[in-house]
Structure formats: structure tokens, C-alpha cells
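Participant:
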Amino acid sequence: MRVLVLTIWIGCAASTLGEQCVIQLARGMVTRLLGPNQAALSCDNLWSNLLLSFNYTRQDLVACQDGELLVHPPEPYFSDCQQRLERAKQDAEADRRSFTAEMEKKIQVNHWEAERYVQESDLIRNQLTRLKDELRSTYRSLVLMSVQGGASKQALKYYHYYLEGQPPAQLLSSVIAAVYSVPEHAHERFEYLLDFARKVPGNSVRLAFYQQIIAELRRHPEQRDSYLAMIAALDLGKLAFLSQNADARQLYLDLFNPALKRLQAAVIAGSYDEIVTFATAYPDHFEQIANRLSTLESGAWNQANFERLLLYLNRLPLAKQRLEAFRMMLLQINQRNKHDFAPRLTRVAKELDVCESFVKSGSKNQQSDLEKLVTVKRMFATRDPTRDYDHYLQESKKIAE
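Residues -18 to -1, 1 to 383, numbered by mature numbering (1 follows the signal peptide of the UniProt record, and there is no 0), are exactly what the sequence shown covers, in order.
1) Are the CB atoms of Leu28 and Gln20 nearer to each other than 8 Å?
2) For Leu218, which residues of its own chain have a beta-carbon under 6 Å away from its beta-carbon, when the five flanking residues on both sides are left out?
3) Go ahead and label Glu146 buried or exposed: buried means 16 or more other beta carbons lie within 10 angstroms of its beta carbon, across all protein chains shown.
4) On the premise that Cys337 lies in contact with Phe362, defined as a C-beta separation below 8 Å, what is that separation, rounded to the nearest angstrom?
5) Skipping 5 residues on each side, what residues in its chain have a beta carbon closer than 7 Å to that of Ala(-5)?
6) For the alpha helix (DSSP H) containing Pro203, name the first residue and the last one.
7) Kindly indicate the opening and closing residues of the alpha helix (DSSP H) around Val341.
8) Tell me the DSSP secondary structure of residue 401 in three-state form.
9) So what's Arg180 in DSSP terms, helix, strand or just coil?
10) For Thr(-3), does the count of other Cβ atoms within 10 angstroms reach 16, so buried, or fall short, so exposed?
11) Flag this pair as yes or no: are the beta carbons of Phe238 and Gln205 separated by less than 8 Å?
12) Whose C-beta lies closer than 7 Å to the C-beta of Ala286 among residues of the same chain, with five residues either side of it excluded?
13) With a Cβ-Cβ cutoff of 8 Å, do Ala160 and Leu126 count as a contact?
14) Less than 6 Å between C-beta atoms, sequence neighbours within five positions excluded: which residues of the same chain meet that for Asp366?
15) Considering only the alpha carbon of each residue, which of Gly252, Ser128, Ala96, Gln136 lies closest to Ser276?
16) Taking contact to mean 3 or more Cβ pairs, one atom from each stretch, closer than 8 Å, check whether the region 135 to 149 and the region 103 to 113 are in contact.
17) Does the Cβ of Pro203 have 16 or more other Cβ atoms within 10 Å, making it buried, or fewer, making it exposed?
18) Mapping the DSSP letters down to three states, classify Leu210 as helix, strand or coil.
19) Could you tell me the alpha carbon to alpha carbon distance between Lys87 and Ala70, rounded to whole angstroms?
20) Answer yes if the region 368 to 375 comes into contact with the region 324 to 342, meaning at least three C-beta pairs across the two stretches below 8 Å, and no otherwise.
21) According to DSSP, simplified to helix, strand and coil, what is Lys139?
22) Could you tell me the alpha carbon to alpha carbon distance between Asp351 and Arg304, rounded to whole angstroms?
23) Just how far apart, CA to CA, sit residue 384 and His267?
24) Do Ala261 and Leu298 have their C-beta atoms closer together than 8 Å?
25) Run the CB neighbour count on Cys(-7), radius 10 Å, all protein chains shown included, and call it buried at 16 or more, exposed below.
26) In the DSSP assignment, the alpha helix (DSSP H) including Ile358 goes from what residue to what residue?
27) Can you tell me whether Tyr294 is buried or exposed, with buried defined as 16 or more other CB within 10 angstroms of its CB?
28) Would you call the CB atoms of Met212 and Leu242 closer than 8 Å?
29) Where in the region 288 to 318 do unbroken runs of the alpha helix (DSSP H), each at least 4 residues long, occur, reported from the N-terminal end onward?
30) From the DSSP output, in three-state form, read off Gln64 for me.
31) Under the rule that 16 or more other beta-carbon atoms within 10 Å means buried, what is Tyr144, buried or exposed?
32) When you compare each of Gly10, Phe340, Val358, Leu210 to Asn316 by their alpha carbons, which one comes out closest?
Here's what the structure looks like:
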């Protein structure tokens, strides 16, 4: 049997010498401790492995002992744990109070921030409302100034900006008041007002606007007794008959008839200045009533100063206006002077000769005017086919000589 010899040195604290102990172990005993799989190892290796195994075993036992103490601690350890637990609870409570206080502070700050935000929002909302009111006031002023200055298209743009879906009645009343705010410019501004009224959208709105305009017109004789009353009546007439509004048609007639009568009286009296201004400034409007101005009632025709009446024909500014007036004059002579037409045709031929020069010398010579001139000349032979325009023109020249 092989013997494992162990030599152990035992040191003594009081001596520098060491005492050596020798222990003999049978190899089989060590092999049994380590296991049969290590039987082939040398004695030194067996001993090293035995020491290593012993060391691991010792560590495991120490760990088991420590674990057992944790599971079943002695009384002093349990008391210390209770103290730690109490301290932990106190620390947790302190942390909770600190966290709660901090959160309450943050909530308060957020509350203050929310209140400040609400206040700022109200302030901004009030500022926006004030700015909107100021902007609408500016648009209103621009509407009034644009109408007063004759810029009706510009006025219409600001008119839409101002309304934004609101009823226009109050604004339109302000426009009328602004037109009459400076009396010395009221006549000119009234024309601007009518120009703006033609552009106001919506038949019902425009009709209500004309009703206000005409009501104000009647309070101002300088417009009521001028050709502007006829302009307003003709503008209203288009709308009144289009809408089939009986009240509007009556309003039109109440304005149109007196205005026409006054202009017809001016023609008979030879007061042509205003009519010429009318025909020059508003040729389209003038064309609507031109024949009614040139056509006199039978009594007025017989009593009128014919020489003075002839002056009206060549006072008109446009060739087509003059030619139409000549046509109406010849038509009335042929109808009302069946027995004494020659003297009047002679005088008319003289004036038509002047008109022909005007028609042919115009820079904007229209073929329609030349054709109308031929038609008018043919009317001279209506009563006596043997005497045409040239005949009466020659007769007029003889009288002049």
C-alpha cells in the first residue's frame, strides 16, 4: 500500500524555530475522499486537489451558515432590522411629503400660468376685436372718401371689405350723408354717388339704395331740378322694371316725368346748355330720351320759335345725336306742316349742311353716321317728291344772299 506522507510545519510565536509534523495517509483513503476518477494522479496532485476540495467545502458551509442566520436571525439582529424599517418608513414619508409639496408647488405654478394665459388670451382677443373695429372703421372711411373722389371701383372693393356679411343699409346711408357733407361739391359728388350706386351688387340692396338717394335728392333743388334727376330716374327705371316692383316703378315715374317735362321746356325755351352737358357727359342716358326731347306736342310745336329751335340740332356733341334730332325735326314738319312745309325745310336744309360738314370732318367718322345722313336727306322729298334736299339747300343759299 502506498503511503502519502504529509509534512506540516507548526510555527510557535515565541520561537523562530519551527517544529515539523509528519502525517502518513493511505493513498486509498485520499482517493476515496476525492473520487475514483482521480486515482491515477500523483500524490502531490491528489493532495492539492484534496486541499482545494476542502477549501470549496469550507466556503459552502460558511455560506449556508450565513443564509441560516438571515432566515433565523438572532434577537439583536431582528431589533436592528425593525429600526431600519422604521427609518425607511420615515424616509419614505419624508420623501412623500417632499414630493407632494413639490407637486403642489408645480400645480400652483401651472395654475398661475393658466390664469396668466387666460388673461393674455383675453387681452389678445380684446386687442384683435379692437383692431378689427379699427380696420372696419378704416374701410368705412375709405368707402366714403372713394365715393367722394369718384373712385367707385375702389369704393366697391372697400365696401365688400367693410361689410363681411353684415347688412349694408347703415353704410349706404353714411355714403349719402358724406356726399352732401360739403355743399359746394354736392353736385359733382352726386354724380359720383350715382356711379357708385350702379355698381352696388344685389337688386334689392341697390333698389333700397336708390330709394334713399331719391329721398335725399328731393331735399336738394340743385340736383332735383337738374339733368341729374333724369340720370337717377333712368338708372332706377332699369332696376324697377327688371324686378317688376310696383313701388319701384311708381318711384321711377314720380321722378322721371317731372325731369322730362323740365328738359322739354328747356328745349322749347332755347336753354340748351344743360342739355348739351347732359348729352356730352351721359350719351347713353341721353339716347334713351333724345327723341322725346326733340318731339314737341302740337300746341308747343305751333307756338315755338322755329329759328331758335333749329339751333338745338347742331348744339348736340355727337354726330349720331345731331342726325337723330334732324330726323325727328323733319318727321314733325312732314306730319304737322303739310301745307307750309317748304319754308321750314329750307331752314332745316341749311342746318343739315352744317351737320354734314361736322359728320365728314370728324376724326371718328362712322359709316353708320354717313348712312344716317343719306336717310335724313331723303326725308326732304316726303311732301313733294320733285323737290329734294339739294333743292331746299339751294333755296336756303338764295335767302342768305
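Backbone N, C-alpha and C define an ideal beta-carbon position, used for all residues, glycine too.
Facilitator: In short:
1) A contact, by the Cβ cut-off of 8 Å.
2) Closer than 6 Å at the Cβ level, and outside the excluded window around Leu218, lie Tyr192, Tyr234.
3) That one is exposed.
4) The Cβ separation is near 13 Å, so there is no contact.
5) Reliability fails at Ala(-5), whose pLDDT of 40 lies under 50, so the model's placement of it is uncertain and no value is given.
6) Element bounds for Pro203: 203 to 206.
7) 323 to 343 is the span of the alpha helix (DSSP H), which, as asked, contains Val341.
8) Since the first and last residues shown for the chain are -18 and 383, residue 401 lies out of range.
9) In the structure shown, Arg180 sits in a helix (DSSP, three-state: H, G or I).
10) Its pLDDT being 45, under 50, Thr(-3) is placed unreliably by the model, and the measurement read from it follows with that caveat. Under this definition Thr(-3) is an exposed residue.
11) No, the pair does not count as a contact, with Cβ atoms beyond the cut-off.
12) Apart from the 5 residues on each side of it in sequence, Ala286 sits with its Cβ closer than 7 Å to the Cβ of Ile250, Leu278 in its chain, given in chain order.
13) Contact: yes.
14) Same-chain partners within the cutoff: there are none.
15) Comparing Cα positions, the closest option is Gly252.
16) Too few Cβ pairs lie closer than 8 Å, so no.
17) The residue in question, Pro203, is exposed, as its Cβ has fewer than 16 Cβ neighbours within 10 Å.
18) Residue state, collapsed to three classes: helix.
19) Going from the Cα of Lys87 to the Cα of Ala70 covers about 25 Å.
20) Contact holds: three or more Cβ-Cβ distances are below 8 Å.
21) Helix at Lys139.
22) One alpha carbon belongs to Asp351, the other to Arg304, and they sit about 10 Å apart.
23) Limits of the chain in this structure are -18 at one end and 383 at the other, which puts residue 384 out of reach.
24) Yes. Within cutoff.
25) A caution first: Cys(-7) carries a pLDDT of 39, below 50, which makes its placement in the model unreliable, though a value can still be read off. It counts as exposed.
26) The sequence as given places Val at residue 358; Ile does not occur at that position. Residues 349 to 360.
27) Taking all protein chains in view, the Cβ of Tyr294 is crowded by 16 or more other Cβ atoms within 10 Å, so the residue is classified as buried.
28) Yes.
29) Within the region 288 to 318, the complete alpha helix (DSSP H) runs of at least 4 residues are 288 to 295, 301 to 318.
30) In the displayed model, Gln64 falls within a helix according to three-state DSSP.
31) Flag for Tyr144 reads buried.
32) The shortest C-alpha separation from Asn316 is found at Val358.
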